[in-house]
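*Asks:* My questions all concern the structure below.
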Amino acid sequence: MKGLGQVFKAVTSAMIGVGKKENLIKDFERTEKSGPWPYIIVGFIMTIGFIMTVIAVVKLVLP
């Protein structure tokens with residue numbers, strides 16, 4: 018479970034555009050061990066969630 022939280026943290030900071038070089042190095046080390054799929058799946062889920070949030074806000078604001 019701790020690994021999944023770290024993946025969410027890494028993807029969130031990548032989507033926002035902030036992050037530390039040390040964390041980037043750790044993410045690459047984790048990717049070498051477990052592969053890129055956890056990052057790809059979490060990134061896809063978060064992107065869909067962001068798009069759905071934007072759509073909901075637009076529908077809420079516009080009559």
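If you count the sequence shown from 1, you need to add 17 to reach our numbering. Note that CB positions come from ideal geometry on N, CA and C, so glycine has one too. Please read these numbers as outputs of a predicted model, since none were measured by experiment.
(1) At the level of alpha carbons, what is the spacing between V28 and T70?
(2) Does the segment 62-76 come close enough to the segment 33-47 to have 3 or more Cβ pairs within less than 8 Å?
(3) On the DSSP letters alone, give me the boundaries of the alpha helix (DSSP H) that V35 sits inside.
(4) Count the other C-beta atoms from every protein chain shown that fall within 10 angstroms of the C-beta of V24, then say buried if there are 16 or more, exposed otherwise.
(5) What is the residue span of the alpha helix (DSSP H) that P55 lies within?
*Replies:* Judging by the given coordinates:
(1) Start at 1 with the first residue of the sequence shown, and residue 28 comes out as number 11. Start at 1 with the first residue of the sequence shown, and residue 70 comes out as number 53. The alpha-carbon atoms of V28 and T70 are separated by roughly 17 Å.
(2) Verdict: no, contact absent.
(3) Within the sequence shown, the letter at position 18 stands for residue 35. No alpha helix (DSSP H) holds V35; DSSP gives it neither H nor E.
(4) Numbered from 1 along the sequence shown, position 7 holds the residue referred to as residue 24. Its Cβ being crowded by 16 or more others within 10 Å, V24 is buried.
(5) Indexing the sequence shown from 1 puts residue 55 at position 38. It spans W54 to V78 - the alpha helix (DSSP H) in which P55 sits, taken as one unbroken run.
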